[in-house]
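Peer 1: Quick one: the structure is below, and I'll ask about it shortly.
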Amino acid sequence: MLTRRGLMTGTAVIAGAGLVGAVGYRALQDREPAAPPATDPSGRLLWRNWSGIQSSYPQIRAAPGSEDELASLLKSAPGPIRPVGAGHSFQPLVPTSGTLLSLDRMSGVLAHDPATLTAQVKAGTRLGDLGPALAAIGQEMPNLPDINKQSLGGALGTGTHGTGRGLKAIHGEVLSFRLATASGDILECSADHHPDIFNAARVNLGAFGVVTEATLKNRALTRLRKQVVLRDLNETCEDWPRLKAAHRNVEFYAIPFTGKAAVITADVTTDPVIPRGADEDTSTLMDLKHLRDVFGFAPPLRRWVADKMMSGLKPEIMIDEGWKLLSNERPVRFNEMEFHLPTEAQIPALKEVVATIEARRNDVFFPIEVRTIEADDAWLSPFYQRESGSVAVHAHYKDDYQFMFELIEPIFRRHGGRPHWGKLNSLRAADFAALYPRWKDAMEVRKSLDPGGRFLNPYLKKALIDV
Ligand SMILES: Cc1cc2nc3c(=O)[nH]c(=O)nc-3n(C[C@H](O)[C@H](O)[C@H](O)COP(=O)(O)OP(=O)(O)OC[C@H]3O[C@@H](n4cnc5c(N)ncnc54)[C@H](O)[C@@H]3O)c2cc1C
Numbered sequence: 052m053l054t055r056r057g058l059m060t061g062t063a064v065i066a067g068a069g070l071v072g073a074v075g076y077r078a079l080q081d082r083e084p085a086a087p088p089a090t091d092p093s094g095r096l097l098w099r100n101w102s103g104i105q106s107s108y109p110q111i112r113a114a115p116g117s118e119d120e121l122a123s124l125l126k127s128a129p130g131p132i133r134p135v136g137a138g139h140s141f142q143p144l145v146p147t148s149g150t151l152l153s154l155d156r157m158s159g160v161l162a163h164d165p166a167t168l169t170a171q172v173k174a175g176t177r178l179g180d181l182g183p184a185l186a187a188i189g190q191e192m193p194n195l196p197d198i199n200k201q202s203l204g205g206a207l208g209t210g211t212h213g214t215g216r217g218l219k220a221i222h223g224e225v226l227s228f229r230l231a232t233a234s235g236d237i238l239e240c241s242a243d244h245h246p247d248i249f250n251a252a253r254v255n256l257g258a259f260g261v262v263t264e265a266t267l268k269n270r271a272l273t274r275l276r277k278q279v280v281l282r283d284l285n286e287t288c289e290d291w292p293r294l295k296a297a298h299r300n301v302e303f304y305a306i307p308f309t310g311k312a313a314v315i316t317a318d319v320t321t322d323p324v325i326p327r328g329a330d331e332d333t334s335t336l337m338d339l340k341h342l343r344d345v346f347g348f349a350p351p352l353r354r355w356v357a358d359k360m361m362s363g364l365k366p367e368i369m370i371d372e373g374w375k376l377l378s379n380e381r382p383v384r385f386n387e388m389e390f391h392l393p394t395e396a397q398i399p400a401l402k403e404v405v406a407t408i409e410a411r412r413n414d415v416f417f418p419i420e421v422r423t424i425e426a427d428d429a430w431l432s433p434f435y436q437r438e439s440g441s442v443a444v445h446a447h448y449k450d451d452y453q454f455m456f457e458l459i460e461p462i463f464r465r466h467g468g469r470p471h472w473g474k475l476n477s478l479r480a481a482d483f484a485a486l487y488p489r490w491k492d493a494m495e496v497r498k499s500l501d502p503g504g505r506f507l508n509p510y511l512k513k514a515l516i517d518v
């Protein structure tokens with residue numbers, strides 16, 4: 052989120068707010084959500100996703116160390132077989148009562164080519180480990196998501212993306228991948244080998260098989276100048292087309308109930324390094340939470356206080372290699388809905404979302420993230436043949452998130468949005484079929500690879516088959 056040193060701390064306002072907040076009714080609601088039991092009645096261990104809303108008790112947990120091990124496991128493992136990366140998806144993609152399959156032991160860079168700037172990477176590699184590994188060979192991924200905790204396989208599974216005009220999501224830079232199928236075969240897939248599988252399963256939800264490695268088209272290691280500036284929200288919306296054209300990476304966070312936006316840009320530079328300071332996003336976010344806790348009942352007052360606290364903030368600048376700057380730490384857990392919209396619908400949809408939240412949901416305090424992503428040609432990519440503008444709404448993990456389905460999702464759908472595969476949405480197979488021109492082809496490929504549906508958990512059956 053926005054990182055503004057001393058956004059609120061030290062001000063007389065927040066001191067007073069702290070006092071009032073201590074007795075605020077919100078404090079009474081600030082409770083840990085109930086956790087499922089650590090084991091089920093038959094002693095199976097609990098698995099939970101990052102935000103805590105998805106869970107299951109797998110019968111088997113496996114972490115093969117090689118393709119051979121994986122292939123023989125797949126032949127007999129009880130279904131549903133669900134690959135898991137870092138468990139950072141919000142949708143129930145991973146939960147299984149059968150086999151939970153981690154690729155944590157299959158990680159690292161296998162080979163690279165300095166001439167073509169490509170690297171062959173094992174699918175269990177976490178993006179945070181890939182950054183320094185690629186830097187050591189003079190390469191970097193062209194773009195990165197907001198965090199780098201994901202595994203490569205998990206990022207490809209859901210169409211994980213960063214932001215920047217002309218910059219594709221991670222799967223958009225995949226030249227080939229290897230897929231372990233339900234029958235235990237290992238297929239090398241690219242534009243030349245098994246092109247239909249390559250097109251259908253570059254974004255795959257772990258429903259086509261298990262990706263064991265991918266060859267990535269990278270670029271030469273560069274230095275970026277990242278800047279964070281607080282601006283007026285309406286002015287930022289007006290300026291968005293220019294901002295997208297002017298910067299390599301650009302996004303903004305609309306801060307509800309404040310009329311402000313934190314605009315984050317990154318551009319290639321050769322200027323000397325200005326290292327990234329300690330993470331301040333978390334305290335800033337908590338300050339926004341306190342503001343909600345204390346003044347949530349009175350939006351005009353909330354806005355007035357926010358204005359006082361944010362005035363005079365200086366831009367924040369850091370200069371370093373991209374892999375050190377583009378992703379962030381997000382220790383405060385949340386639940387999230389993100390849709391990818393036709394570019395012309397992005398700002399109108401955002402304005403409706405902000406207006407709806409400000410009219411109906413005083414409890415929301417998380418900034419709303421606005422990004423831009425280049426089109427690609429993977430059949431299940433939310434960016435399939437469509438440059439997209441994304442809008443993402445978050446709720447603190449202790450807060451209600453159902454409002455997203457009731458109030459926010461209809462806005463996104465009316466504007467022709469395709470949901471992020473890993474983030475909250477209520478769409479089913481028929482809905483996806485209407486949004487994805489090559490849906491039927493992709494589903495035929497999936498069925499041919501896994502006719503018995505051994506990779507499908509109950510959610511995937513609804514999302515892909517609609518039973
Ligand atoms: C704090 C936070 C920040 C985020 N920021 C962004 C962001 O900036 N941009 C964005 O696009 N998304 C973002 N996400 C969403 C996240 O990137 C995706 O949900 C991603 O899929 C998570 O990766 P993972 O390794 O945790 O995968 P998991 O959630 O564990 O799995 C995701 C899917 O991939 C499948 N899978 C995993 N490994 C394999 C494999 N080897 N072969 C086949 N299938 C596999 C799983 O079965 C599942 O269907 C964020 C999530 C969080 C919690």
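Residues in the sequence shown are numbered from 52 upward in steps of one, following my numbering.
The beta-carbon is built from N, C-alpha and C at its ideal position, and this holds for glycine as well.
1) Would you say the region 456-476 touches the region 385-397, given that touching needs at least three Cβ pairs under 8 Å?
2) What did DSSP end up calling residue 435 once you bin it into helix, strand or coil?
3) Which residue comes first and which comes last in the alpha helix (DSSP H) that contains residue 105?
4) What does the Cβ neighbour count give for residue 497, buried or exposed, with the cut at 16 atoms within 10 Å?
5) Determine the DSSP secondary structure at residue 127, reduced to helix, strand or coil.
6) Within its chain, find whatever has a CB closer than 7 Å to the CB of residue 107; leave out the 5 residues flanking it on each side and keep chain order.
7) Check whether the Cβ of residue 209 lies closer than 8 Å to any heavy atom of ligand 1, and answer yes or no.
8) Helix, strand or coil for residue 74 per DSSP?
9) Report yes if the C-beta of residue 133 is less than 8 Å from at least one heavy atom of ligand 1; otherwise report no.
10) I need the boundaries of the beta strand (DSSP E) containing residue 391, first residue and last residue.
11) State the DSSP-derived secondary structure class of residue 441, mapped to helix, strand or coil.
12) What I want to know is whether the C-beta of residue 139 ends up closer than 8 Å to one or more non-hydrogen atoms of ligand 1.
13) Report yes or no: do the region 433-440 and the region 484-495 share at least 3 C-beta pairs separated by less than 8 Å?
14) Could you have a look at residue 190 and say whether DSSP puts it in helix, strand or coil?
15) Is residue 150 near ligand 1, judged by its Cβ being under 8 Å from some heavy atom?
16) Expressed to the nearest angstrom, what Euclidean distance is found between the alpha-carbon atoms of residue 325 and residue 278?
17) Would the C-beta of residue 381 count as close to ligand 1, meaning under 8 Å from any of its heavy atoms?
18) I'd like to check one pair, residue 405 with residue 420: are the Cβ atoms closer than 9 Å?
19) Quick check on the DSSP output: the alpha helix (DSSP H) that includes residue 285 runs from which residue to which?
20) Compute the minimum distance between the beta carbon of residue 24 and the heavy atoms of ligand 1, and state whether it is under 8 Å.
Peer 2: So, from the data block:
1) Because the criterion of three Cβ pairs below 8 Å is met, the region 456-476 and the region 385-397 touch.
2) Three-state DSSP puts residue 435 in a strand.
3) Segment: none, residue 105 is in no alpha helix (DSSP H) and carries neither H nor E.
4) Residue environment: residue 497 is assigned as buried (16 or more neighbouring CB atoms within 10 Å of its CB, all protein chains considered).
5) If DSSP states are grouped into helix, strand and coil, residue 127 belongs with the helices.
6) The answer, listed in chain order, is 98, 146, 147 and 148.
7) Residue 209 Cβ: within cutoff of ligand 1.
8) For residue 74, the pLDDT reaches just 49, beneath the cut-off of 50, and the residue's location in the model is therefore unreliable, leaving the point undetermined.
9) Within the cutoff, so yes.
10) Counting along the chain, the unbroken beta strand (DSSP E) around residue 391 starts and ends at 385-393.
11) DSSP places residue 441 in strand when its eight states are reduced to three.
12) At least one heavy atom of ligand 1 is nearer than 8 Å to the Cβ of residue 139, so yes.
13) A contact exists between the region 433-440 and the region 484-495.
14) The answer is strand: DSSP assigns residue 190 an E or B state.
15) Result no, Cβ not under 8 Å from ligand 1.
16) Rounded to the nearest whole angstrom, the CA to CA distance from residue 325 to residue 278 is 11 Å.
17) Relative to the non-hydrogen atoms of ligand 1, the Cβ of residue 381 comes within a distance shorter than 8 Å of at least one.
18) Residue 420 places its beta carbon 9 Å or farther from that of residue 405.
19) Unbroken alpha helix (DSSP H) run through residue 285: 284-297.
20) The displayed coordinates of the chain run from 52 to 518. Any statement about residue 24 would go beyond what the structure contains.
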